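Residues in the sequence shown are numbered from 9 upward in steps of one, following our numbering.
Here's the structure, in structure tokens; my notes come after.
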Amino acid sequence: MNAGAIVVVGSINVDLTAHTRRHPRPGETLHGTGGQMLPGGKGANQAVAAARMGGDVRMIGAVGTDAQAQVGLAGLRAAGVDLDGVREVEGPTGLAIVTVAEDGENPIVVIAGANASVDAAQITAAKDVIAASSIVVCQGEIPREGIEALRALVTGRFLHKPAPVMELDPEALRASDPLVVNEHEAALVLAQLTPGTEMPETPEQIVGALREAGIASVVLTLGAQGSLVADADCTHRIPAARVTAVDTTGAGDAFIGALAVGLARGEPLPAAARLASQVGAFAATGHGAQPSCPSTEDELPRLPEASA
Ligand code: RIB
């Protein structure tokens, strides 16, 4: 195994972002600003964040044959991510339509495009790279069969952020180590692993239920309340850094990228989650998913003292 190597298997998009004072109501037309096409996609954002934080990163994914492909790849190239596992398929590159309003909310509509072709065959073809990586990262913007094929090839840690959550083989969910979820995603995962049981109420109960359902380690993200991290050794509350957010697009992906870097360095999960919390907070202070990712040169926001 290539100790410290990270492979991100996932989406590559172009983000078309509109900035508005508030979100339009159904049937309403609003003026906005912005309109640039910027590189995005949860997978690509995570790979860029990890590389900018010093990770040794490979990307497995797909872009289309349109001009947007070069936009989608630009951030990955600039960050030095290895793109040997990215293929070009006939048709459009993935597209995300993002509306960023002054309240900080940013609903996103994603059109999969080439990401829909990241199937079991493509992932199996990269089996040597996957097996040689100490951290394998994936999300929910590629097909189910791709994710299920992936987990069977992982020999290191499978850092799984099921966003958006899809119906998966329970063994693919249980292979997550860690599973990174917010409370909404946690409810959907628990509904798959323990159907018919009630959603636990407190963060501690939620991570407990996920671990009892067979997941080795969990990072439950709680927005301004930070995150709750649990594995066989401990349960830790990680605080959130206090920053003035201007655009949260991709901040969660920056969190994942940094978490991967910490784990790839061999840090315990709570230490990696502290770095992730700082990097995610930094990313929310700038515009765009990838341009706002910090590098190792940047001063990261400090975290308040953690409660137990
Ligand atoms: O998490 C943010 C990302 O979600 C955006 O970059 C967009 O492409 C969607 O995939």
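Even glycine gets a Cβ: it sits at the ideal position worked out from N, Cα and C.
On a predicted model such as this, the values are computed, not experimentally measured, just so you know.
Mind listing, in chain order, the residues whose beta carbon lies closer than 6 Å to a non-hydrogen atom of the ligand RIB?
Going down the chain, each residue whose beta-carbon is closer than 6 Å to a heavy atom of the ligand RIB shows up: Ser19, Asn21, Asp23, Gly48, Gly49, Lys50, Asn53, Ala104, Ile116, Val118, Glu149, Thr257, Gly258, Gly260, Asp261, Ala297.
According to the neighbour-count rule (16 or more other Cβ atoms, all chains shown, within 10 Å of its Cβ), is leucine 158 buried or exposed?
Counting from 1 along the sequence shown, the entry for residue 158 is found at position 150. The residue in question, leucine 158, is buried, as its Cβ has 16 or more Cβ neighbours within 10 Å.
Taking DSSP as the reference, what is the three-state secondary structure of leucine 267?
Sequence index remark: in the sequence shown, residue 267 carries index 259 (1-based). Helix, per DSSP.
Buried or exposed for methionine 61, going by 16 or more other Cβ atoms inside 10 Å?
As a working mapping, residue 61 is identified with position 53 in the sequence shown. Counting Cβ neighbours within 10 Å, methionine 61 comes out buried, since at least 16 surround it.
Could you check where the alpha helix (DSSP H) with glutamate 96 kicks off and where it finishes?
Taking the first residue of the sequence shown as 1, we reach residue 96 at position 88. No alpha helix (DSSP H) contains glutamate 96, which is instead part of the beta strand (DSSP E) from 90-96.
Whole angstroms is fine: what's the gap from threonine 304's alpha carbon to alanine 224's?
Residue mapping note: residue 304 aligns to position 296 of the sequence shown, counting from 1. Residue mapping note: residue 224 aligns to position 216 of the sequence shown, counting from 1. When rounded, the distance between both Cα atoms is 30 Å.
Under 8 Å: do the stretch 135-146 and the stretch 103-114 share three or more Cβ pairs, one atom per stretch?
Result no; under three Cβ-Cβ pairs closer than 8 Å.
Which one or two residues does DSSP pair with asparagine 21 in a beta bridge?
On the sequence shown, position 13 is the one that residue 21 refers to. The partner list for asparagine 21 (beta bridge, DSSP) reads Gly48, Gly102.
Say yes only if the C-beta of valine 145 is nearer than 7 Å to one or more non-hydrogen atoms of the ligand NAD, and no if none qualify.
No copy of the ligand NAD appears in this structure; the ligands present are the ligand RIB.
With a CB to CB cut of under 7 Å and the five nearest residues on each side skipped, what residues in its chain are close to alanine 194?
Mapped onto the sequence shown, residue 194 falls at position 186. So the list reads Ile214, Leu218, Leu228, once near-sequence residues are dropped.
Per the DSSP calculation, serine 235 is bridged to which residue(s)?
Within the sequence shown, residue 235 is the residue found at index 227, counting from 1. DSSP output for serine 235 lists Thr229, Ile246 as bridge partner(s).
Where glutamate 220 and serine 235 are concerned, what is the direct C-alpha to C-alpha distance, given to the nearest angstrom?
Within the sequence shown, numbered from 1, the residue matching residue 220 stands at position 212. Within the sequence shown, numbered from 1, the residue matching residue 235 stands at position 227. If I take the Cα positions, the gap works out to 19 Å.
Within 8 Å, strictly: CB atoms of isoleucine 155 and leucine 176
In the sequence shown, residue 155 corresponds to position 147, counting from 1. In the sequence shown, residue 176 corresponds to position 168, counting from 1. Yes; because the gap between Cβ atoms is below 8 Å, this pair is in contact.
Flag alanine 180 as yes if its beta-carbon sits less than 8 Å from any beta-carbon of chain D, otherwise no.
Among the chains in the structure shown there is no chain D, since it carries only a single protein chain.
For aspartate 261, does the three-state DSSP call read helix, strand or coil?
If you number the sequence shown from 1, residue 261 lands on position 253. It is helical.
Taking Cβ positions, are proline 172 and valine 197 nearer each other than 8 Å?
Reading the sequence shown from its first residue, position 164 is the one you call residue 172. Reading the sequence shown from its first residue, position 189 is the one you call residue 197. Cβ distance not < 8 Å, so proline 172 and valine 197 don't count as in contact.
Do valine 71 and leucine 81 have their CB atoms nearer than 8 Å?
Mapped onto the sequence shown, residue 71 falls at position 63. Mapped onto the sequence shown, residue 81 falls at position 73. Going by C-beta atoms, valine 71 is nearer than 8 Å to leucine 81.
Is it the case that the stretch 244-263 contacts the stretch 285-293, given that we only count it when at least three CB pairs across the two stretches are under 8 Å?
Judged by Cβ distances under 8 Å, the stretch 285-293 makes contact with the stretch 244-263, as three or more pairs qualify.
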